[in-house]
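J.:
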Amino acid sequence: MEKTINLTLKVWRQANPQDAGRFEVYEAHDISTDASFLEMLDVVNERLEREGKEPIAFDHDCREGICGMCGAVINGQAHGAEKETTLCQLHMRKFKNGDTLVIEPWRSKAFPIIKDLVVDRSAFDRIIASGGYITVRTGQAPEAHTMLVPQPNAEKSFDAAACIGCGACVAACPNASAMLFVSAKISQLALLPQGQPERWDRVRIMVEKMDEEGFGNCSNHYECEAACPKNIKVSNIARLNRDHLWASIRAKLRG
Amino acid sequence: MSLDSKIPGGPIAERWTRHKADMKLVNPANKRKFTVLVVGTGLAGASAAATLSELGYRVKAFCIQDSPRRAHSIAAQGGINAAKNYQNDGDSVYRLFYDTVKGGDFRSRESNVYRLAEESLNIIDQCVAQGVPFAREYGGLLDNRSFGGAQVSRTFYARGQTGQQLLLGAYGALMKEIGRGNVEMYPRREMLDLVVIDGNARGIVCRNLITGAIESYAGDAVLLATGGYSTVFYLSTNAKACNVTAAWRAHKRGAFFANPCFTQIHPTCIPVHGDYQSKLTLMSESLRNDGRIWVPKKTDDKRPANDIPEDERDYYLERRYPAFGNLVPRDIASRAAKEMCDKGLGVGATGMAVYLDFAESIQRLGRDTIAARYGNLFDMYEKIVGEDPYTQPMMIFPAPHYTMGGLWVDYHLMSNLPGLHVLGEANFSDHGANRLGASALMQGLADGYFVIPYTLGHYFGSTSLGKVDTDHPEFKTAATQAQERTQKLLAINGKRTVDDFHRELGHLLWNHCGMARNKKGLNEALEKIPAIREEFWENVTVPGAADTLNQSLEKAGRVADFLEFAELLVHDALHREESCGGHFREEHQTEEGEALRNDEEFTYVAAWEHGEVGKKPKLHREALEFEEVKPSTRSYK
Ligand SMILES: Cc1cc2nc3c(=O)[nH]c(=O)nc-3n(C[C@H](O)[C@H](O)[C@H](O)COP(=O)(O)OP(=O)(O)OC[C@H]3O[C@@H](n4cnc5c(N)ncnc54)[C@H](O)[C@@H]3O)c2cc1C
Ligand code: FES
């Protein structure tokens, strides 16, 4: 049943990367409990715009939990408290009348703040560009059925491939590590026959790139898995570590 | 000016193969000398950018989002068609071609569609090689399902996230080329103008969405892969940043816009529930494989769904279309739902919804099977609506979803402006008046991986282009105009928000140029749009500055273009005095209320030439010929 609630928002406002930034308080009145979190922000923003004030900048696009564009830390939790849910899929029926919500951007050295809640996640793209793919040129592919993939492997590979690259794992990690993100791509490809030829180089190169981008180390807090809207498992990190170890040994043996 | 579609001759099954052999090639050493600007990095753009780069061209690619991985293609759920006939159920290239031409209600080009069906085979191979985790059977082979009313199982899928996985495959290919320094990627850029020099498309002007800088880029060809314009309706299943801006600006520079009134309304979306609503969520069409659509037989029946006895329910699709039942094509299912609601039979708080009921299939197949097939969709529904579709029927209603219309292109995917090529949903070519499910992904990837790499080479091989750079006066003019427009928007300082105008426009179009259209309503829309546009330019508020990230400004630019484009859309709908596919003119229907085509007068592509904003555009016709599939009335009874 639709009803409306009133909320107090404490929102991080920062004009540009150089600005020190600060929290500002907004009253969000008459918010329908059927609205999504981003629709609640829209309502607040339209009120600001009508007053000639700059609305709160936040990234978003698909608004159905798949593009990975949205994300903010709500009361200390990346994408808010609901499990396996992106911010755009979080609905206001999960909040109570009178709640105060502290809304902040992802915070990580590797994700510089651009404005308000918008951060620069291009480090993720650079990690993928370093080796997060299978090298096959268009037109080179063999007939699809020449390569069988055991169904359980295909499923596991898919579980890892479901990552939307939103960055919540980094935001949630006390060390701002990108291990969950990187291990998801490593796992997706390591579980498929197509991914084997480059498997050992891929893991070394991507991990190296991740470190270079300024992400922290993984010290097994598992906050990433808890925050992940797509339920990417930390078992992927274990697979990455195993592959990485073996890849390093191989590299040494080969001199 | 006559439109030359450049369709090659010969038997349809050999046209593309022979044509590939006839087209000019560019010497490998020379490819580096050509710069290709690819605007948009969804399926169509990413696949094109990666492939052209692999061939040796210099590629610069642009997108609005912070990463190519976030293009709207990511949201596609259901699947991608390919005529592999892995199920041995009688599929073939010809059958896929036939179904697509018929599904498009005989308003597409046969030759293009045949090529699309042929290339569908290569797409699957390519994606599998990239590591796209398609669904598999226990033996390790690829699984297929039947989709969107097809009578064969030819749809490849990756759970309910096919678009995501295909896009990540194309994105991987693109990132590989970026990593090797062969593609320069410009994310968070919005193309604001096309630069035409001596009649050839030679560059673009963009706004850097972070710094606000107006940037110019020169090249030897421009590829637009900027997606569709469903967001002209405000509420749609498309992502928020989807827009018509790139296509519209190209149109204003001379590119013809084809069949803008061919818009698709998808039957299975979560209904509207409030005026704060920012988008509509699609529930994959695959749900219709196991869900039964019904409304109560009595008007204004307010009983909860489960309290309405079986004999007081009208499974209207099954009743009206016994052969296809709940699986009739989208346009038909959508219109039927609207009809029911218009008669007062709709359900839910607003009466603008129908039920999609799984009770029977849960009973027949068990909850686990249904959960395995649709679990993620059921969860999504539960999140948005707050009701459990395992125990209560879903409520659905049609919503704008896809646009078959787009910039006019010839067989080479080149617009009437030499050098300007258009790929994916942004062009008009393959779906006629109605797109079948699982065929947009196929088209985007066919265009990008397998068509443009050949045809662009032919263009370069057969044209001599002088060098241009961004110091050329045309670049300066376009950049100045973009800057002035931005300043103008910021200076209005009015009272209404951009979204407010967008909602008003969307509402008007939905009512008068949506699922059902008539002359009176369309004329009314034509009167009202200019008034909204005028008010927009006097009374919109766009806070903030030009030289920073300014999302209000971004939206304002897009809505300003929608306010011009909307008129073209309505003109096209008004001129097409027939009903076909997604374009339903109430004046043209059979006694049973089915679409009535007028093949004698309208078997053509309407390609519009821009004159002046607010003036009727000029119509050019490209006659369509059907040699293989003779136009017939689509019957799904
Ligand atoms: C919810 C949903 C489900 C769908 N499911 C299916 C399905 O199951 N099967 C199927 O076949 N089809 C499906 N479709 C349709 C299909 O997803 C799209 O038609 C297709 O993905 C479009 O791809 P594209 O590459 O043409 O454009 P898009 O993926 O929309 O990409 C557009 C690109 O252009 C960029 N861009 C846009 N404007 C500008 C500008 N002015 N300047 C710079 N860059 C710009 C964007 O940033 C983006 O990179 C679905 C669509 C929706 C909405
Ligand atoms: S807006 Fe796309 S995941 Fe939230």
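Chains as they are written, first to last, in our numbering: chain A, 1 to 255; chain B, 1001 to 1637.
Quick reminder that beta carbons are idealized off the backbone N, C-alpha and C, glycines included.
It should be emphasised that the depicted structure is a prediction, and the values quoted were computed from it without experimental measurement.
For the beta strand (DSSP E) holding R1202/B, just list the boundary residues, first then last.
T.: Residue range 1200–1208 is occupied by the beta strand (DSSP E) that includes R1202/B.
J.: With burial defined as no fewer than 16 other Cβ atoms inside 10 Å of the residue's Cβ, what is the status of Y1138/B: buried or exposed?
T.: exposed
J.: Let me check understanding here. Comparing Cα to Cα, which of A1545/B, I1197/B, G1103/B lies closest to Y1636/B?
T.: G1103/B
J.: Compute the Euclidean distance between the alpha carbons of K1467/B and P1530/B, then round it to the nearest angstrom.
T.: In a straight line, the C-alpha of K1467/B is about 41 angstroms away from that of P1530/B.
J.: Inspect the CB distances between the stretch 1493–1510 of chain B and the stretch 1560–1576 of chain B and report whether three or more fall short of 8 angstroms.
T.: As far as the Cβ criterion goes, the stretch 1493–1510 of chain B touches the stretch 1560–1576 of chain B, which means the pair count is three or higher.
J.: DSSP on M1380/B, reduced to helix/strand/coil?
T.: helix
J.: Would you list, in chain order, the members of the stretch 1439–1472 of chain B that have their beta-carbon closer than 8 angstroms to a beta-carbon of chain A?
T.: Y1449, F1450, P1453
J.: Take E1524/B and list the residues in its own chain whose beta-carbon comes closer than 7 angstroms to its own, dropping the five residues that flank it on each side.
T.: Non-local beta-carbon contacts of E1524/B in its own chain, meaning distances under 7 angstroms to residues more than five positions away in sequence, involve H1512 in chain order.
J.: Below 8 angstroms between beta carbons: does that hold for A1707/B and T1226/B?
T.: Summary: the structure shown does not reach residue 1707/B, with chain B confined to residues 1001 through 1637, and so no result is reported for it.
J.: Rounding to the nearest angstrom, what Cα-Cα distance links P1296/B and A1305/B in this structure?
T.: 8 angstroms
J.: Look at E1578/B and F1256/B and say whether their C-beta atoms are less than 8 angstroms apart.
T.: no
J.: Tell me whether A1426/B, by its Cβ, gets closer than 7 angstroms to a heavy atom of ligand 1.
T.: yes
J.: Is T1541/B close to chain A? Criterion is C-beta to C-beta, closer than 8 angstroms.
T.: At least one CB of chain A lies nearer than 8 angstroms to the CB of T1541/B.
J.: Does the beta carbon of R63/A fall short of 7 angstroms from some heavy atom of ligand 2?
T.: yes
J.: Short of 7 angstroms Cβ to Cβ, which residues in the stretch 144–157 of chain A face chain B?
T.: A144, H145, M147, L148, V149, P150, Q151, A154, S157
J.: Quick one: list the residues of chain A neighbouring V1128/B, beta-carbon separation under 8 angstroms, in chain order.
T.: A141, A144, M147, Q194
J.: Hey, does H91/A have any beta-carbon neighbour from chain B nearer than 8 angstroms?
T.: yes
J.: Below 8 angstroms between beta carbons: does that hold for V1195/B and V1205/B?
T.: yes
J.: Is the CB-CB distance between F1097/B and Y1086/B below 8 angstroms?
T.: no
J.: Which whole runs of the beta strand (DSSP E) in the stretch 1049–1135 of chain B are 3 residues long or more, in chain order?
T.: As far as the stretch 1049–1135 of chain B is concerned, its whole beta strand (DSSP E) runs of at least 3 residues are 1058–1062.
J.: I'd like to confirm something about E1119/B: is its beta-carbon nearer than 7 angstroms to some heavy atom of ligand 1, or not?
T.: no
J.: Examine chain B for any beta-carbon lying closer than 8 angstroms to the beta-carbon of V118/A, and answer yes or no.
T.: Residue contact with chain B for V118/A: present (Cβ-Cβ distance below 8 angstroms to some residue of chain B).
J.: Identify every residue that forms a DSSP beta bridge with P1400/B.
T.: I1265/B
J.: Would you say the beta carbon of G68/A comes nearer than 7 angstroms to a heavy atom of ligand 2?
T.: yes
J.: What are the uninterrupted segments assigned as alpha helix (DSSP H) that are 4 or more residues long and contained completely in the stretch 173–229 of chain A, given in chain order?
T.: Taking only runs of at least 4 residues, the alpha helix (DSSP H) segments lying wholly in the stretch 173–229 of chain A are 179–190, 199–212, 223–227.
J.: Exposed or buried, what is W12/A when buried is set at 16 or more other beta-carbons lying within 10 Å of its beta-carbon?
T.: buried
J.: Under 8 angstroms Cβ-Cβ, which residues of chain A neighbour N1493/B?
T.: The contacting residues are G52.
J.: Going by Cα to Cα distance, which pick from L101/A, N220/A, E225/A, R199/A is closest to L245/A?
T.: R199/A
J.: Three or more C-beta pairs under 8 angstroms: does that hold for the stretch 163–174 of chain A against the stretch 117–131 of chain A?
T.: yes
J.: Pairing CB atoms from the stretch 1377–1386 of chain B with CB atoms from the stretch 1310–1317 of chain B, are three or more of them under 8 angstroms?
T.: no
J.: Which residues mark the beginning and the end of the beta strand (DSSP E) in which F1536/B is found?
T.: Segment 1519–1539 is the alpha helix (DSSP H) holding F1536/B; no beta strand (DSSP E) there.
J.: What are the start and end residues of the beta strand (DSSP E) that includes S32/A?
T.: Counting along the chain, the beta strand (DSSP E) containing S32/A begins and ends at 22–32.
J.: Where DSSP assigns a beta bridge to C1580/B, which residues make up the other side?
T.: H1583/B
J.: Which residues does DSSP pair with T1350/B in a beta bridge?
T.: Looking at the DSSP output, T1350/B bridges to nothing.
J.: For ligand 1, any of its heavy atoms closer than 7 angstroms to the Cβ of H1412/B?
T.: no
J.: Between H60/A and ligand 2, is the CB less than 7 angstroms from at least one heavy atom?
T.: yes
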